[in-house]
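Protein chains in written order, with the numbering used here: chain A, 19 to 281; chain B, 2 to 221. To start, the structure under review is shown below, and the notes come after it.
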Amino acid sequence: MVADALASDRRTATGWGRRMIASIWAWLTDPANWSGADGIPTRLAQHLGYSAIVLLAAAAIAIPLGLYVGHTGRARWLISAANAARAVPTLGLLFALALWLGPKLRGDLAFSLPSIIVLVLLAIPPLLAGAYAGVEAVDPAARDAAIGMGMRPAQVLFEVELPGALPLLLSGIRAATLQVIATATIAAYVGLGGLGRYLIDGLATGDYPATAGGALLVCVLALVLDLILAGLTRIVVSPGLTGKYRGATGVDEANRIAAVSER
Amino acid sequence: MSWVRDHLGLILELTLRHTVLAGIPLLLGLVLSIPLGWLARRYRVLAPVALAGTGLLYTIPSLALFILMPLILGTRILDPINVIAAMTIYTVALLVRTVVDGLASVPAEVDAAARAMGLTGLRRLVTVQLPLAVPVIAAGLRVAAVSNVSIVSVASIIGVSQLGSLLVDGYNRNNPGALWAGIIASLILALLFDLVIQGGAWLLTPWRRTAAPRPAGVGA
Chain A
19 MVADALASDR
29 RTATGWGRRM
39 IASIWAWLTD
49 PANWSGADGI
59 PTRLAQHLGY
69 SAIVLLAAAA
79 IAIPLGLYVG
89 HTGRARWLIS
99 AANAARAVPT
109 LGLLFALALW
119 LGPKLRGDLA
129 FSLPSIIVLV
139 LLAIPPLLAG
149 AYAGVEAVDP
159 AARDAAIGMG
169 MRPAQVLFEV
179 ELPGALPLLL
189 SGIRAATLQV
199 IATATIAAYV
209 GLGGLGRYLI
219 DGLATGDYPA
229 TAGGALLVCV
239 LALVLDLILA
249 GLTRIVVSPG
259 LTGKYRGATG
269 VDEANRIAAV
279 SER
Chain B
2 MSWVRDHLGL
12 ILELTLRHTV
22 LAGIPLLLGL
32 VLSIPLGWLA
42 RRYRVLAPVA
52 LAGTGLLYTI
62 PSLALFILMP
72 LILGTRILDP
82 INVIAAMTIY
92 TVALLVRTVV
102 DGLASVPAEV
112 DAAARAMGLT
122 GLRRLVTVQL
132 PLAVPVIAAG
142 LRVAAVSNVS
152 IVSVASIIGV
162 SQLGSLLVDG
172 YNRNNPGALW
182 AGIIASLILA
192 LLFDLVIQGG
202 AWLLTPWRRT
212 AAPRPAGVGA
C-alpha cells in the first residue's frame, strides 16, 4: 500500500516538476521581480554588500593572525580551536545570537547585526587555516635562502612567505566566501536582507516558484563568485609555485585544505 | 535544564532522525566516492574533471540545494529523501578528493610488490590500496561527518524534523532551553560520529598500533 501511494505520488510529482519549472522560469523572468525594494537587483546588492563587509572584517582578524601563527610557530592551538569550533551548528549559533542580541538592539540593526557577527565568526576558521597552512607550506629552503640573503623577519614574511602562502590563503578565502554566501541566505530567517528573503518568505507563504527561483539565484551567485576567485588564484599566484616553470612542485594542494568548510 | 528533563523523549527521537539523515549519506557517499576516486586516480585525464565537478557541487548552498531537490528527484518538499540526497552530494564532493589523496598515499613500492605478487585490479584495490588508504580516508570522513551533522540542521527550515527543529522552535518561541538543547545535542552527536570513525579506522589498521611512534603531528 505504501508502495502504491509512493508510486502515485511520483507520477503526479513528475507532472508537478514540469509545471514548477515553467512557473520558476516565469518568476525569474517577470519584470516585476526585477525592480523595487524587493526586486532581485536590490536583494542581490544586499547579499553582496553584507557578504563583502563580513569577509573584510573576518579577513582583517584572521589573516594577520594566521600569518603570525605560521611565521612564528606560536599559538598553534588557535588553529585547532578554530577548527574544533566548526562543529557548532551554524543554525544554532545564528539563532542563539539573534535571540540574545536582537532585543538589545534597535531598528534594522536588531536584524542585521547578530547575523553579521555570526557570519564573521564562521568566516574566521577557513581564513585562519588558509593563512596558517599557506605559510607553513612554504618551502623551508626558500625561507632559509631569504634569511641567508640577509632579509629581515618582516621582509621574509612579506616577500617570501606571503607570496608562497597565496595558493592556500586564496583557497581559504574561497571557502570562507562560499560559506558566507550560503549562511547569509539562511540568516534571512532571523531577518537579514538579501537573496535569502525569497527562500525564507517563499517557504513561509508556500510560494514554491519564488522559493526555488531564489534558490537558483543563490546557486548561480555562489558558482560565479567561486569561478571569479579561482580565476584570481591563477592570476596572482607566482608561476614559480604553480608548476608552469619546470621543476616547481604542483600546487594542487591549494584546493585540498581549505575547501572544507560548511555550506 | 527542566525543559530538557520534560522533553527527553522528543530530544532522543530527533537525535535518532538526525543520526539517520547525517549518517546514511556518509555511508552512501563513501560507497560512491571509492569507485569515483579510484577512476580519477587510475585514469589521470579524469582526475581534473572529477575533482572540478565535485568541487562545483560543493559550492551549492545547503538551503538552496534542499529546496531544489524536489525538482530533480520528483519528491515532495517535506520528503526526508531530499535531505539524504543533498547530503550525499556534499559527502561525495568532499570524499572523492579524499579517496584520490588516500590512494596516492599508498607507498609505490608496496603497490609494486602487490603487483609483483600477481594481485591485479580490484583485488589489489581491496586488499592492498584501500587498507593502506584508511588513515587518509578516515580523516576526510571525519571532516564530512562533522560538516554533515551541522548542515542537516538547516533542513528544519524546510520542515524536515531532526535536532535542527529544536533550534527553530527555540528561536520562534523564544525558548533558550530548546535552543541550547539542540546545539549541545548536535555537538555530542558530531563527537560520537567522530569517535566511531576514529574507532573504525583504529580497528582497520592494526599495523599502525605496533609501529614505532611517529613524530608528533602539527596542527589539527
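All C-beta atoms, glycine included, are put in the ideal place defined by N, C-alpha and C.
| Query | Result |
| --- | --- |
| Beta carbon proximity, I191 of chain A to chain B, threshold 7 Å | no |
| L168 of chain B: contacting residues in chain A (beta-carbon distance under 9 Å) | P107, L109, G110, L112, F113 and A114 |
| Inter-stretch contact at 8 Å, needing at least 3 Cβ pairs: the region 99–114 of chain A / the region 182–199 of chain B | yes |
| Pairwise C-alpha distance: A191 of chain B and V147 of chain B | 5 Å |
| Simplified DSSP assignment, three categories, for R77 of chain B | coil |
| Within-7 Å CB hit, R37 of chain A to chain B | no |
| Cα-Cα separation between A151 of chain A and T206 of chain B, rounded to whole angstroms | 28 Å |
| Contact list for D225 of chain A against chain B, beta-carbon separation under 7 Å | Per Cβ cutoff of 7 Å: no residues; D225 of chain A is ~12 Å from chain B at best. |
| Continuous alpha helix (DSSP H) stretch holding F129 of chain A: start and end | L127 to E154 |
| Proximity of I42 of chain A and G212 of chain A at Cβ, strictly below 7 Å | no |
| Residue of A:L119, A:A147 and A:I218 minimising C-alpha distance to I134 of chain A | A:L119 |
| Closest by C-alpha distance to L58 of chain B, when choosing among A:D244, A:A116, A:I253 and A:S256 | A:D244 |
| Within 7 Å, strictly: CB atoms of P227 of chain A and W52 of chain A | no |
| Beta carbon proximity, A221 of chain B to chain A, threshold 7 Å | Any reading at A221 of chain B must be qualified, since the residue scores a pLDDT of 41, below 50, and its modelled position is unreliable; the value itself is stated next. By this cut-off, A221 of chain B is an interface position. |
| Straight-line Cα distance separating L131 of chain A from L123 of chain A | 8 Å |
| Cross-chain neighbours of T60 of chain A in chain B, by beta carbon under 9 Å | Within 9 Å Cβ-Cβ: nothing; T60 of chain A doesn't reach chain B, min ~19 Å. |
| Beta carbon of A240 of chain A nearer than 7 Å to that of I204 of chain A | no |
| Residue-level contact to chain A via CB, V46 of chain B, 7 Å cutoff | no |
| Backbone CA spacing between W95 of chain A and G141 of chain B [nearest angstrom] | 21 Å |
| Cβ-Cβ distance between A23 of chain B and V129 of chain B below 7 Å | no |
| C237 of chain A beta carbon less than 7 Å from that of A87 of chain B | no |
| Reduced DSSP secondary structure (H/G/I, E/B, other) of V254 of chain A | helix |
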